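Data first, discussion second: the structure below is written as structure tokens.
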Amino acid sequence: MKIPLSWISQYTNISPLLSEQGAKPLAHLYSIHTAEIDGIEKIGLEDKVVIAKVISTRPHPDSDHLNLVELDCGLLGALGIVCGAENVRTAKYVAVALVGAKLGAEQDFEIKSSKIRGEVSEGMICSEDELGLQEERAHGIMQLERHFSEELLESKLGTPFYALEVAIPGNGTANYSFPLKDTVFEIDNKFITNRPDLFSAEGNAREFGAIFSLPFTPYNGKLPTISGKLSVQIESPNVLSYELISVENIQAGISPLGIDQMLRKSGIAPKYDLVDITNFIMTELGQPMHAFDADKVVGDVTVRQARDGEIIIALDSKEYTLTSKDVVIADGEKVLAIAGVIGGMSSAVSETTKNVYFEAACFDPVSIRLTSQRLAIRTDSSMRFEKSLDPTLARRALPRVFDLLKFLGKNGTCTGAFSYLDTTKVRDISITTDLAFVEKKLGLKISKERAEDILTRLGFEVSFSNLETVQKGSNSSANREPEGVVRSQYDEGGSGDLSSKDEFFQSFSVKVPSWRVTKDISIKEDLVEEIGRINGYEQVPNTPITGPFSIAEKNTSIELRNSINAYFSAERFFETYNYSFSNQNKDALVGYADDSNAVHIQNAFNVEYTMMRRSMVPNLLEATAENLKQQKDFAFFEIGKIFERLGENKFTEKKSLTGVLVGSDIKTLRTVLDGFLRAILPGMGFSVEQGVIAPLTKGVVADRGIFHPNKSGRYVIENETIISFGSLHPGVAESFGLSNANVLLFEVDYQKLSHYFATASHTFAEIGKFPGITRELNFVFSETTPVSTVIAKIASVSPLLSNFSVVDEFRDSVKIGEGKKSISFSFLIQDLTKTITDEEALAIQEKIIKKLEGEGIELRK
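For my numbering, count along the sequence shown from 1 and bump the result up by 371.
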């Protein structure tokens, strides 16, 4: 959202501050106190664009469209310029860019002395777009006499053009004038989603006043007496307030330069002045408004819910189909506008408009948000309405219509008005707290005067109780809390106490202003935040934390999750997050015959997600298929919940760990899973059964598993399956479009893994100061002998052995025998008290070979 600082100065005069400190320091201070300034735009930086008077024009002797123009630049003297604009012949006063002037948003277009078809041109006469006053291409040069008095221009010849002042209606009887030279702050909207008041010049001016302790004057227009009554029907429960006035005998026209520039600098393109009035008020006060051509309205105005299938052609010339969830403004025949979102072409103001309805309202923010999202229409109005506007703002903003009509010279007649306010939707909040509570939360002393000043400047009404103090240990009657005084919130331990505990602290009551109660201020902590941010969080002293600290209990659930993430990330697996939803067609592909044990979703948002997932496999395989379009080798893992119906109104949800490995072989997956169990469950033995059908997930049909029957296996701990793994079943692979890919899959029983993780013993040892020696040995042994058993036997040879890992595995019935496997083990030999020698390492290695060969485990030669 863009806010010109000239508009801020109408309510809080920051011009001296801007001149003294510059825009960047102001933006920084505003950012740390209120909301981040996303950008700073400076308009009219070039002083070499000056006001000039046209003395004469004549055709270029060697061109049929160029003119030779003689200019009077006051004290700068006369200039000769070649100009191609036709309207230069009728212009009296112009803005001329002198040689050396730099134009454009980036000041990247420098004016130079040039010779055009034999004639010297000492500058350039500028159009509105070249001056940065508008974005669209202008038709000809800017004729200053159309915007400023000739008497003023005559007195300003040769002076900077951007120093010229334009005017808008002031906050009172006099107009407010400001220079064309300006600075615009762009405020990041995401920081003010809970602050609808900051979507206005007035609201931001209030913040500047509080931050810099400057006087702030809010808009206080008075609504004139209107005798006539308008008939409006309020039929929608989503209307919080509604104001409508009828003004007759006014003619639409073009807004003067002051209003034009304020709107453009705020990011809004001017249209007709009657429409510009509504956008001006919205940007200035934060109240969206709309103007209807009253002659196009048939009968009474009605605010109601739309009828299903109703159609409106909106101001963006697009057709929209409405539902009964949308709020509309309608007459006796048609929809005039989608309430709070966009107006309709059927009642749009045009150059022929003479009678106007001006509307100011407040609608339910949720209703406006849903309509805006469903129709994909995002407007300045809807953006403000969905932030929860103050319902009383509509009535307060209405007098500004008359200020602007008077400023524009519109001498129309206000023939009628309608006013509605749902008082049940107007919140009135008062909060009582005390300075001790504020000081404790902030960690610094705040005086009564400072707290009151901050809150008052922000629009809160503050009233302090009479201060009474009571000493500890005095008689019982004195120990009773005085009326209106709140006991200090400090605990008796004294931790963080910045004020004396021997007294009651002065309480104060705060009435929250209407523009802050809708979704912002409701509890005393909110008041602490207001005081703290304006006072400055940088004022909070750096205080060392003191006092006893209790060691948090071990959270095995978090530790396990972190360990899993760390391990698979190190193995170059990417973690995925899929929807927790599925459908029966998808689940049937992985063996779920029916949906009898599925948890169905009553309000499913599409047919793809009609039930909670019973397995993470379908979504993970879909993600695999999608990623195979971009790459051939990758790995995913996902930790999430799966859901199952146990009976009538009985459900269960449990965690699951599932992963895929694409482009690798089963041996690589085994290495990954072996390392996983050793990392997660150190010291716990496990066995692997490979080449058999892996145990199937509960509910999976036995003859249609997710694993290939001859290329799958399982990891077993204490006769319980903890991991099922293998190649994807050909039928499943075909169903998910993975037939041409080598996809390996594994599923971990998370509950059992959690149990073993919580009970596993973790031994910590000192990190060795002396270098060790890494050795590798390859042993051949039976397929039925677990690798963990062999590792345990190796480890028993010497306490100097550690860091065991499987480097490689090999199977070949011809070379090593049927039912046997060859495993290469790596281990570290390290002495914590000295540097181990090669001779010592070799001796330990020989002991390992001798011990294993004595138990039938042969060293592979």
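Just so you know, even glycine gets a beta-carbon here, dropped at the ideal spot from N, CA and C.
Being a predicted model, the structure only gives us computed values, none of them experimental.
- ASP702 and VAL727 do not touch by the CB rule: their CB atoms are close to 15 Å apart, not below 8 Å.
- When secondary structure is reduced to three states using DSSP, ALA662 falls in the strand class.
- The count of Cβ pairs closer than 8 Å, one atom from the stretch 1094-1111 and one from the stretch 1018-1027, stays below three, leaving the stretches out of contact.
- In this structure, GLY1143 sits away from ILE1215, with a CB-CB distance that is not shorter than 8 Å.
- For LEU1017, the closest alpha carbon among the candidates TYR590, ALA969, GLU499 and VAL988 is that of ALA969.
- Contact between GLU619 and THR784 holds: CB atoms are separated by about 5 Å, below the 8 Å threshold.
- Taking each of LEU1052, SER743 and SER880 in turn and checking the Cα distance to SER893, the smallest one comes out for SER880.
- For the pair VAL797 and VAL888, the Cα-to-Cα distance works out to about 9 Å.
- Distance from the CA atom of MET716 to the CA atom of ASP687, rounded to whole angstroms, is 8 Å.
- DSSP places GLN604 in the strand class (E or B) of the three-state scheme.
- Counted as a single uninterrupted DSSP element, the stretch harbouring TYR963 is not any beta strand (DSSP E), since DSSP gives it neither H nor E.
- Contact fails between the stretch 579-597 and the stretch 684-700, because fewer than three Cβ pairs, one in each stretch, are under 8 Å apart.
- Secondary structure in the stretch 420-492: the beta strand (DSSP E) runs of 3 residues or longer, each lying completely within the stretch, are 420-430, 438-443, 449-454, 464-468, 485-487 and 490-492 in chain order.
- Its chain contains no residue whose beta carbon lies nearer than 6 Å to that of LEU741 once the 5 sequence neighbours on both sides are disregarded.
- Counting the other CB atoms within 10 Å of its CB gives TYR533 a total of 16 or more, which places it among the buried residues.
- For ILE683, same chain residues with a beta-carbon under 6 Å away, outside a window of 5 residues either side, are TYR691, VAL706 and GLY715 in chain order.
- Taking a contact as a CB-CB distance under 8 Å, the pair GLY1190 and SER1167 does not count as one, their CB atoms being some 25 Å apart.
- The three-state reading of DSSP puts PRO627 in coil, since its state is none of H, G, I, E or B.
- Residue burial is scored here from C-beta neighbours: GLY503 has at least 16 other C-beta atoms within 10 angstroms and is therefore classed as buried.
- In the three-state reduction of the DSSP assignment, ALA545 falls in the coil class, being assigned neither a helical nor a strand state.
- Per DSSP, LYS373 is one residue of the beta strand (DSSP E) stretching across 373-375.
- Between ALA576 and MET513, the gap from beta carbon to beta carbon reaches 8 Å or more.
- Per the Cβ contact rule, the stretch 441-454 is not in contact with the stretch 405-413 (fewer than 3 Cβ pairs under 8 Å).
- For GLU1217, the enclosing alpha helix (DSSP H) starts and ends at 1209-1224.
- Here VAL883 is near PHE831, since their CB atoms are less than 8 Å apart.
- A direct Cα-to-Cα measurement between PHE549 and SER940 gives close to 59 Å.
- If you look at VAL699, you'll find it isn't in any alpha helix (DSSP H); it sits in the beta strand (DSSP E) that goes 698-701.
- Under a 10 Å Cβ-count criterion, ILE1207 is classified as buried, with 16 or more other Cβ atoms of the shown protein chains found around its own Cβ.
- For PRO396, the enclosing alpha helix (DSSP H) has its first and last residue at 394-404.
- Within the same chain, Cβ atoms closer than 7 Å to the Cβ of ALA1112 are found at LEU999 and VAL1033, the five residues on either side in sequence being excluded.
- Under the 8 Å Cβ criterion, the stretch 618-633 counts as touching the stretch 773-781, having at least three qualifying pairs.
- The criterion of a C-beta distance shorter than 8 Å is satisfied by ALA468 and ILE482.
- Counting of Cβ neighbours within 10 angstroms places ALA581 among the buried residues, the total reaching 16 or more.
- With 16 or more other Cβ atoms from the protein chains shown falling within 10 Å of its own Cβ, LYS636 counts as buried.
- Closest in alpha carbon position to SER380, among ASN1020, ASP774, ASN438 and TYR547, is TYR547.
- Annotated three-state conformation of PRO550 is strand, per DSSP.
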